[in-house]
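To start, the structure under review is shown below, and the notes come after it.
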Amino acid sequence: MTKFSDLKLDPKVLSAIADAGYESPTPIQEGAIPPALEGRDVLGIAQTGTGKTASFVLPMITLLRRGRARARMPRSLVLAPTRELAAQVAENFDTYAKNTKLTKALLIGGVSFKEQDILIDKGVDVLIATPGRLLDHFERGKLLLTGVQVMVVDEADRMLDMGFIPDIERIFGLTPFTRQTLFFSATMAPEIERITNTFLSNPAKVEVARQATASETIEQGVVMFRGGSRGSMASRKTQAASGPYRRRG
Ligand code: AMP
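Residues in the sequence shown are numbered from 72 upward in steps of one, following the numbering used here.
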């Protein structure tokens with residue numbers, strides 16, 4: 072079995088992974104980290120729960136370890152569809168970059184522009200943002216995306232559902248043509264395929280199976296109930312659960 076120490080991650084990243092208690096990479100991590108570290112574009116087809124966040128955060132930290140942040144010119148950019156997801160990426164970054172001096176700013180709605188402006192002015196290595204908020208900052212003239220070396224698009228299929236694809240295309244156009252792109256989606260809808268064909272260059276394609284399947288020792292089934300009071304429904308459910316659908320041997 073592959074271990075994190077077999078991947079060419081920065082030793083400071085490896086020690087943060089060990090502190091987090093992880094030994095072996097998940098399949099998306101095992102597939103995406105090596106090509107990302109080689110500087111290749113990656114197209115990851117994976118859902119939440121597969122460990123996909125670390126599959127882009129770990130190589131990103133390793134790649135950024137050399138070089139320094141410049142005022143108003145972030146060196147990397149992560150786009151996530153919602154505030155919650157962006158905040159999760161930021162948490163992952165804090166966990167795995169804790170032994171480095173890399174800095175981040177989280178640009179999401181509901182947080183004052185002022186605080187975010189101060190960080191951007193000082194210079195950050197990693198900008199983690201929702202597309203609308205990022206463009207708001209850009210339009211206020213305080214942010215340059217011409218220094219972005221690594222760009223991540225996370226949960227592209229949700230971006231599509233939320234109508235963010237035109238924003239994503241615009242943001243791609245504001246970053247350098249030479250950037251490295253790590254692109255993640257749970258599914259490959261035709262519109263997503265079009266975006267990847269347009270903006271990714273010869274990507275390493277890594278596809279992992281859905282995770283949310285029950286263990287083989289669990290027998291699953293559906294039990295139909297007629298309506299009734301809450302109490303009687305609850306007791307009938309308990310009866311059913313202790314009946315035919317129990318853990319096997
Ligand atoms: P994600 O798919 O990125 O939302 O991650 C799902 C969960 O998997 C998170 O709670 C992570 O902390 C956890 N995780 C990430 N990498 C690993 C790993 N290599 N081994 C075990 N758990 C992990």
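Note that the Cβ used here is the ideal one computed from N, Cα and C, for glycine as well.
Please work out which residues of its chain come closer than 6 angstroms, Cβ to Cβ, to residue 138, disregarding the five sequence neighbours upstream and downstream, and give them in chain order.
As a first step, residue 138 must be located in the sequence shown, where it is residue number 67. Cβ neighbours of residue 138 beyond the five flanking positions: none.
Tell me, to the nearest whole angstrom, how far the beta carbon of residue 60 is from that of residue 223; I am working on the premise that it is less than 8 angstroms.
Outside the shown range of the chain, which is 72 to 320, sits residue 60, and nothing can be said about it.
Mind checking whether residue 255 and residue 225 have CB atoms under 8 angstroms apart?
Taking the first residue of the sequence shown as 1, we reach residue 255 at position 184. Taking the first residue of the sequence shown as 1, we reach residue 225 at position 154. Yes.
So what does DSSP say about residue 203, is it helix, strand or coil?
Within the sequence shown, residue 203 is the residue found at index 132, counting from 1. Helix, per DSSP.
Buried or exposed by the 16-neighbour rule on C-beta atoms within 10 Å, applied to residue 243:
To locate residue 243, count along the sequence shown from 1; it is residue 172. By the neighbour-count criterion, in which 16 or more other beta carbons inside 10 Å mark a residue as buried, residue 243 falls on the buried side.
When the Cα atoms are used, what is the spatial distance from residue 188 to residue 106?
Residue 188 sits at position 117 when you count from the first residue of the sequence shown. Residue 106 sits at position 35 when you count from the first residue of the sequence shown. The alpha-carbon atoms of residue 188 and residue 106 are separated by roughly 34 angstroms.
Can you give the Cα-Cα distance for residue 286 and residue 134, rounded to whole angstroms?
Your numbering for residue 286 matches position 215 in the sequence shown. Your numbering for residue 134 matches position 63 in the sequence shown. At residue 286, the pLDDT of 49 sits below 50, so the modelled position is not reliable; the number obtained from the coordinates is stated separately. Cα to Cα, residue 286 sits roughly 37 angstroms from residue 134.
In whole angstroms, give me the CA-to-CA distance for residue 202 and residue 241.
To locate residue 202, count along the sequence shown from 1; it is residue 131. To locate residue 241, count along the sequence shown from 1; it is residue 170. If I take the Cα positions, the gap works out to 10 angstroms.
Taking the C-alpha atoms as reference points, what is the distance between residue 163 and residue 128?
In the sequence shown, the residue the question calls residue 163 occupies position 92. In the sequence shown, the residue the question calls residue 128 occupies position 57. Distance between the alpha carbons of residue 163 and residue 128 is about 7 angstroms.
The ligand AMP heavy atoms versus the CB of residue 169: any closer than 7 angstroms?
Within the sequence shown, the letter at position 98 stands for residue 169. Because no heavy atom of the ligand AMP lies under 7 angstroms away, the Cβ of residue 169 does not count as near it: no.
Cβ neighbour criterion (16 or more within 10 Å) applied to residue 75:
Within the sequence shown, numbered from 1, the residue matching residue 75 stands at position 4. Residue 75 is buried by the Cβ-count criterion.
Is residue 83 near the ligand AMP, in the sense that its beta carbon is under 7 angstroms from a heavy atom of that ligand?
Indexing the sequence shown from 1 puts residue 83 at position 12. Residue 83 Cβ: outside cutoff for every heavy atom of the ligand AMP.
In chain order, what residues of the same chain lie with their CB nearer than 8 angstroms to the CB of residue 110, ignoring the 5 residues before and after it?
By 1-based counting over the sequence shown, the position of residue 110 is 39. Excluding positions up to five away in sequence, the list reads 134, 251.
Using 10 angstroms around the beta-carbon of residue 183, count the other beta-carbons present and answer buried if the total reaches 16, otherwise exposed.
For the purposes of this step, residue 183 is taken as the residue at position 112 of the sequence shown. By the 10 Å Cβ count, residue 183 comes out exposed.
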